[in-house]
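Just below is one structure, and these are the notes that go with it.
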Amino acid sequence: MSNLLPNDIVTNILSRLPVKSVLRFRCVCKFWYSLINNPYFIKMHLNQTIENNNNTILLRTHQSKLYSIELDDNDQAIEIDYPTIEIKDYPDKAIYDTRSCFNVAGSCNGLLCIWNIDRDVFIWNPSTKEFKILPQTPNKLVQDYRDYSLEWDSYYGFGYDSNLDDYKVVKISQYYDNRAIEYFKSEVNVYTLRSNSWRRVDNMSIRIDSEDQVVPVYVNGNINWRGEDDMYGFPGVIVSFDLVHEIWRQHPQPEFKEKVIQLGVLGKNLCLLTDNSNQSDVWVMKDFGVKESWCKLFTIPKLMGMDPFFLEVVCFSKSGELLLNYRNRVLLLYNTKLEKTETLHIQGTPDSFMPITYEGSLVSLHSSTDVGNKKRKRQEFEVVYGLT
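Residue numbers (full-length UniProt numbering): 1 to 388.
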């Protein structure tokens, strides 16, 4: 094909194909191999994937298995194999199984950040099979308070710093010390993929809701959690970590009396799902960080005797239907205009799961584009592959 079509047309066509097809085409010829592995083509392909809203949903089971389904082409759920990792840094674990009691810290641009019960953290691209083991983080706060009886929790977040073209992992350690004057202390560390290292950043001043979802919400370059705004644990604010400026912000929720049951994202906007026993309301923040931009998007009536408290918003389908998760057991498609619901039947779907939105990509964990030479390298890419 590359002999029959100009390079720019070949590049354009390949950038619009599903990631599985593109990966197979690397073996067609040297030109295609070089093109598909070029960091600027990878970004071009990623942008097309995001624009096309290719709805891939990952289903994580309680047995730590992972399945992939295509929302708009729901033929079959496919189990994803984890990498089996030989880790020299863990001499007591000659062969390391990453699926051992793992949690997902986030999904961003085709990369997953996962961590396990031992607090080992990995970044993984399920499409290309690349993975990276993150170095361990020191917990200075534990050393400082080793004489106290401490209860502690760890929370992880994952996202993209568009300013530095870098991926970051945020680790929050919260320590509850009832014998000290302060109700709790926190320690926050940030890992950057380029440096392959952790460093301390400013601590957060508010406690994360202990009943919040395992996976935080990444939107607009910010990782978001529900926060407890006083020592008695009443949730009332949204806590955000800005990945570009590495600072903490608090965002008030809309003024309502209903119980917030989920913090999520819909159409690139932060959203809240509330429950008042008879119905669920979906709110979106149209202008991130601006309280006045909260608006009620629509109301979901009580569905077929289902308890609204156990509903969860997942995403929109290409046709505009809302994908809902009920009790981590049933996927529903809700037509917001007709107010009708149908159960999504996909062969091979596990009995119990946690859904995670995902877009397959070619993003590499080993790419090291020099940010300072971006313009020059971009021009070289355009010349070589006929895009000028």
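Even glycine gets a Cβ: it sits at the ideal position worked out from N, Cα and C.
Original post:
For Leu14, which residues from the same chain have a beta carbon less than 8 Å from its beta carbon, with the 5 sequence-adjacent residues on both sides left out?
Top reply: Val22, Phe25, Trp32, Leu35, Ile36, Phe41 and His45
Original post:
So, do the stretch 249-256 and the stretch 287-301 have three or more beta carbon pairs nearer to each other than 8 Å?
Top reply: yes
Original post:
In terms of residue numbering, what span does the beta strand (DSSP E) encompassing Thr343 cover?
Top reply: Lys340 to Thr343
**OP:** State buried or exposed for Ile9, treating a residue as buried only when at least 16 other CB atoms are found within 10 Å of its CB.
**Re:** exposed
Subject >> Beta-carbon spacing of Ile208, Tyr175 below 8 Å >> reply: It is not a contact, given that the beta carbons lie outside the stated cut-off.
**OP:** Have a look at Gln262 and Thr336 and give me their C-alpha separation to the nearest angstrom.
**Re:** 19 Å
Subject >> Where Leu4 falls: helix, strand or coil (DSSP) >> reply: Here DSSP, grouped into helix, strand and coil, assigns Leu4 to coil.
Subject >> Collapsed DSSP secondary structure at Val219 in the structure displayed >> reply: strand
Original post:
Apart from the five residues just before and just after Lys296, which ones in its own chain have a Cβ nearer than 6 Å to its Cβ?
Top reply: Asp281 and Trp283
Subject >> Tyr82 - DSSP class collapsed to helix/strand/coil >> reply: DSSP places Tyr82 in coil when its eight states are reduced to three.
Subject >> The alpha helix (DSSP H) enclosing Val19, as first and last residue numbers >> reply: Start and end: Val19 to Arg24.
Original post:
Under 8 Å between the Cβ atoms of Asp72 and Lys302?
Top reply: no
Original post:
What residue range is occupied by the uninterrupted beta strand (DSSP E) comprising Thr299?
Top reply: Trp294 to Pro301
Original post:
Hey, quick one: how far does the alpha helix (DSSP H) through Gln48 stretch, first residue to last?
Top reply: Pro39 to Asn52
Original post:
Roughly how many angstroms lie between the CA atoms of Lys88 and Gln279, to the nearest whole one?
Top reply: Low confidence applies here, because Lys88 scores a pLDDT of 48, under 50, leaving its location unreliable; read the following figure in that light. Between Lys88 and Gln279, the C-alpha separation is close to 53 Å.
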